[in-house]
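Residue 729 in our numbering sits at position 109 of the sequence shown, with consecutive numbering throughout. Ideal Cβ positions, reconstructed from N, Cα and C, are used throughout, including at glycine. Quantities reported herein were computed from a predicted structural model and do not represent experimental measurements. Here is the structure we will look at, set down as structure tokens.
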Amino acid sequence: MLGPNLLMWTAAVIAAAWKLSQLIRVPHDRGLRVVTLCTVLVAVALSAQLAVSIPGLARMFPSHSPKLLQNVLLTFFFALLIVLLRSALLPNVAVWRSYAEIALASLTSFGLTLSFAATSVEWRGASYPEAGQHPGVLAFYLIGNLYMSYATAHGAWLCRASARQTYSGARQSLTVAALGLIVCLLGTHLPRVLSTTGRLLLGTDPVPGTAHWTPPLLAIGSGLFFLGIGYPGLRTGIIKARL
């Protein structure tokens, strides 16, 4: 698990650093501020994930709290991303839709916190491959992956719809980001929802092996998503290097 986690963390940190450098140059760009906040949230969340993936560091944190922090931050990242994309695509959309996204993220975070607190201490912070048949851990990952299935599906649709309405370099950026979210949805979150639901309700796993083949797909999807976010800057850097 350390390899995929390290790959996702590296992509997130590079994206966050790039957006921060852009924000320093254009500090009054409201949209850029939101995007920068989103990428920083993901970088912090994946730093927490990396912390619990390294045995020496994991023992330094009480009750494996970084695992909960990681999932809560990722939840709010996607809520902010959906709000931002919707406001760009549909500028006249009702404000309550934005509040509804934040409310859904808050409800999901509450469910994650409850399931985390209800799980015995020795099982808290268990990674997805370690979940086995433990009800508390399965509930934690079911709640998280249910929300992530919704968020990645909605986010991918908004990215693709926004790409169709632009003819700038952002078109390729949004298309690649949408592809990354679709890989995360179909390759990780939906299979994990089916797997955890089956184990919780039926005592059997209807999608065998998700502990082994979903982490690499999640890393690939996340990498594509962050490549999409950083694509305009990467292209500019290549052009400057050629000149």
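Taking 7 angstroms as the cut-off, decide whether the C-beta atoms of residue i and residue j are in contact.
i, j, result
"residue 764", "residue 739", "no"
"residue 814", "residue 827", "yes"
"residue 699", "residue 720", "no"
"residue 762", "residue 808", "no"
"residue 661", "residue 705", "no"
"residue 799", "residue 844", "yes"
"residue 782", "residue 847", "no"
"residue 829", "residue 803", "no"
"residue 758", "residue 820", "yes"
Quick check on residue i: does DSSP put it in helix, strand or coil?
i, result
"residue 686", "helix"
"residue 633", "helix"
"residue 647", "coil"
"residue 710", "coil"
"residue 662", "helix"
"residue 828", "coil"
"residue 786", "coil"
"residue 823", "coil"
"residue 768", "helix"
Quick one: what's got a C-beta closer than 7 angstroms to residue i's C-beta in the same chain, skipping five residues either side?
i, result
"residue 805", "769, 772, 773, 776"
"residue 831", "748, 749"
"residue 743", "754, 756, 757"
"residue 664", "693"
What residues in its chain sit with their C-beta under 8 angstroms from that of residue i, if we drop five residues either side in the sequence?
i, result
"residue 656", "636, 639, 640, 642, 643"
"residue 834", "748, 807, 808, 811, 812"
Just to confirm my understanding: we take residue i, look at its own chain, exclude 5 residues before and 5 after, and list those with CB closer than 6 angstroms. What are they?
i, result
"residue 703", "718, 721"
"residue 666", "628, 629, 632"
"residue 691", "732, 764"
"residue 688", "736"
"residue 696", "725"
"residue 585", "This structure cannot speak to residue 585, because the chain is shown only from 621 to 863."
"residue 780", "798"
"residue 825", "815, 818, 819"
When every heavy atom of the ligand ZN is checked, does at least one fall within less than 6 angstroms of the C-beta of residue i?
i, result
"residue 629", "You won't find the ligand ZN in this model; it holds no ligand whatsoever."
Note to self: Check whether the segment 807–824 and the segment 744–755 touch, using three or more Cβ-Cβ pairs below 8 angstroms as the test.
What the structure shows: yes
Next item on the list: Tell me the start and end of each unbroken beta strand (DSSP E) in the segment 720–766 that is at least 3 residues and wholly inside, in chain order.
Entry: none
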